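Protein chains in written order, with our numbering: chain A, 46 to 235; chain B, 15 to 116.
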């Protein structure tokens with residue numbers, strides 16, 4: 046439902062969103078070309094037809110024995126061509142779970158995309174220790190925001206979870222008050 | 015061009031020419047671009063997140079500058095990096111919120 050809503054919303058405003066989730070357990074498969082290729086694939090899925098430049102590139106590589114693997118500069122070039130006319134958002138989650146050498150390569154390619162495609166915006170999340178490399182690779186185009194758990198967010202979350210309690214008969218007002226008081230306190234102390 | 019063949023193609027109006035690709039070529043091109051499909055994790059996160067949490071981010075000057083670009087008069091930051099310790103909810107401050115609220 047949320048995805049349907051998002052898709053409708055994005056189509057209305059002529060925007061495209063492509064997302065990628067890094068996962069430590071999949072680090073071998075999540076190479077820089079696979080990652081950027083996946084983002085490009087999501088943008089192409091929203092188009093009526095695959096642009097001619099990409100079809101020709103695909104046909105050309107098939108002539109090589111066993112096919113030629115895509116290279117990062119190919120994907121960057123395709124991205125810039127495809128997004129020249131529409132506002133595009135790239136969202137990358139858990140950048141800290143990416144292999145460090147891959148991270149630098151990916152950030153370098155994302156930096157080139159930002160330079161060549163003024164319609165592209167990038168949103169990333171990750172643990173604090175990679176902030177330095179993100180800012181170094183992306184330079185002045187990047188800005189960072191510290192995310193912390195806020196007490197009002199925690200209270201909202203607890204209310205939502207308690208509202209879906211599968212054993213409400215085990216809950217009384219004393220226990221509920223205890224939960225609503227001790228968990229936010231515990232979290233804000235850390 | 016035979017009728018049977020034209021039934022099986024999509025036309026693409028390029029800048030200078032009309033371009034045809036066979037309908038079975040499109041999935042092959044997409045698979046060539048990447049074997050990965052990150053949608054599963056996306057669905058998990060959408061199902062688990064709770065509305066309105068993290069909305070404070072949308073009001074920060076960093077977010078507004080990133081989303082609106084230099085038209086706000088600020089510098090043009092086209093990349094926004096949200097960082098924090100494990101478990102604070104970074105993955106849940108996610109894009110459907112960003113787009114839905116602007």
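Backbone N, C-alpha and C fix where the C-beta goes; we use that ideal spot for every residue, glycine too.
Small disclaimer: the values here were computed from a predicted structure and weren't measured.
Would you please verify whether the beta carbon of residue i is less than 8 Å from any beta carbon of chain A?
{"i": "residue 48 of chain B", "result": "yes"}
{"i": "residue 23 of chain B", "result": "With a pLDDT of 45 at residue 23 of chain B, under the threshold of 50, the modelled position of this residue cannot be trusted; read the value that follows with caution. No, residue 23 of chain B does not count as interfacial toward chain A."}
{"i": "residue 73 of chain B", "result": "no"}
{"i": "residue 86 of chain B", "result": "Residue placement at residue 86 of chain B cannot be trusted, given a pLDDT of 48 that sits under 50; what the coordinates show is reported in the next sentence. Chain A, which has no Cβ nearer than 8 Å to the Cβ of residue 86 of chain B, makes this no."}
{"i": "residue 15 of chain B", "result": "With a pLDDT of 41 at residue 15 of chain B, under the threshold of 50, the modelled position of that residue is not reliable, and no figure is offered here."}
Give a yes or no on whether 8 Å exceeds the smallest Cβ distance from residue i to chain B.
{"i": "residue 169 of chain A", "result": "yes"}
{"i": "residue 179 of chain A", "result": "yes"}
{"i": "residue 144 of chain A", "result": "no"}
{"i": "residue 122 of chain A", "result": "no"}
{"i": "residue 37 of chain A", "result": "Outside the modelled stretch of chain A, which goes from 46 to 235, sits residue 37 of chain A, for which no answer is possible."}
{"i": "residue 245 of chain A", "result": "With chain A covering only 46 through 235, there is no way to say anything about residue 245 of chain A."}
{"i": "residue 207 of chain A", "result": "no"}
{"i": "residue 100 of chain A", "result": "yes"}
{"i": "residue 86 of chain A", "result": "yes"}
{"i": "residue 117 of chain A", "result": "no"}
{"i": "residue 133 of chain A", "result": "no"}
{"i": "residue 201 of chain A", "result": "yes"}
{"i": "residue 220 of chain A", "result": "no"}
{"i": "residue 228 of chain A", "result": "no"}
List the residues of chain A whose Cβ lies closer than 8 Å to the Cβ of residue i, in chain order.
{"i": "residue 37 of chain B", "result": "Going along chain A, no residue has its Cβ under 8 Å from residue 37 of chain B, so there is no contact; the nearest lies around 11 Å."}
Chain B partners of residue i, CB-CB under 9 Å?
{"i": "residue 172 of chain A", "result": "97, 98, 99, 100, 104"}
{"i": "residue 176 of chain A", "result": "95, 97"}
{"i": "residue 103 of chain A", "result": "39, 42, 43, 46, 47"}
Report back the beta-carbon spacing between residue i and residue j to the nearest angstrom; my notes put them in contact at under 8 Å.
{"i": "residue 82 of chain A", "j": "residue 120 of chain A", "result": "6 Å"}
{"i": "residue 185 of chain A", "j": "residue 128 of chain A", "result": "At roughly 21 Å, the Cβ-Cβ gap does not stay under 8 Å, so residue 185 of chain A and residue 128 of chain A are not in contact."}
{"i": "residue 183 of chain A", "j": "residue 161 of chain A", "result": "At roughly 14 Å, the Cβ-Cβ gap does not stay under 8 Å, so residue 183 of chain A and residue 161 of chain A are not in contact."}
{"i": "residue 192 of chain A", "j": "residue 96 of chain B", "result": "5 Å"}
{"i": "residue 194 of chain A", "j": "residue 232 of chain A", "result": "5 Å"}
{"i": "residue 86 of chain A", "j": "residue 44 of chain B", "result": "5 Å"}
{"i": "residue 65 of chain A", "j": "residue 94 of chain B", "result": "15 Å between Cβ atoms; not a contact."}
{"i": "residue 50 of chain B", "j": "residue 79 of chain A", "result": "5 Å"}
{"i": "residue 154 of chain A", "j": "residue 115 of chain A", "result": "The pair is not a contact, with the Cβ atoms about 12 Å apart (cut-off 8 Å)."}
{"i": "residue 216 of chain A", "j": "residue 200 of chain A", "result": "So it is not a contact: roughly 17 Å between Cβ atoms."}
In chain B, which residues lie with their C-beta within 8 Å of the C-beta of residue i?
{"i": "residue 186 of chain A", "result": "90, 91, 92, 93"}
{"i": "residue 190 of chain A", "result": "71, 74, 76, 77, 94, 95, 96, 97"}
{"i": "residue 75 of chain A", "result": "50"}
{"i": "residue 83 of chain A", "result": "47, 48, 50, 51, 52"}
Between residue i and chain C, is there a C-beta pair that is closer than 8 Å?
{"i": "residue 205 of chain A", "result": "In the displayed structure, chain C is absent; the protein chains listed are A and B."}
What residues of chain B sit near residue i, judged by a beta carbon separation below 7 Å?
{"i": "residue 224 of chain A", "result": "Here the premise fails: no neighbours, minimum Cβ distance about 16 Å."}
{"i": "residue 95 of chain A", "result": "35, 40, 43"}
* To do: Indicate whether the contact test is met: 3 or more Cβ pairs, each with one atom in the region 163 to 180 of chain A and one in the region 204 to 223 of chain A, closer than 8 Å.
  => The region 163 to 180 of chain A is not in contact with the region 204 to 223 of chain A.
* Output the residue ranges of the beta strand (DSSP E) runs that lie fully inside the region 88 to 151 of chain A and measure 3 residues or longer, sorted by chain position. => 132 to 138
* Per the contact definition of three or more C-beta pairs closer than 8 Å, is the region 186 to 195 of chain A in contact with the region 70 to 79 of chain B? -> yes
* Decide if the region 135 to 145 of chain A is in contact with the region 97 to 109 of chain A; the criterion is three or more beta carbon pairs, one per stretch, under 8 Å apart. => no
* Asked: Counting only runs that start and end within the region 179 to 213 of chain A, where is the beta strand (DSSP E) found for 3 or more residues in a row?
  -> 187 to 191
* Inside the region 158 to 182 of chain A only - alpha helix (DSSP H) runs reaching at least 4 residues -> Correct list: empty.
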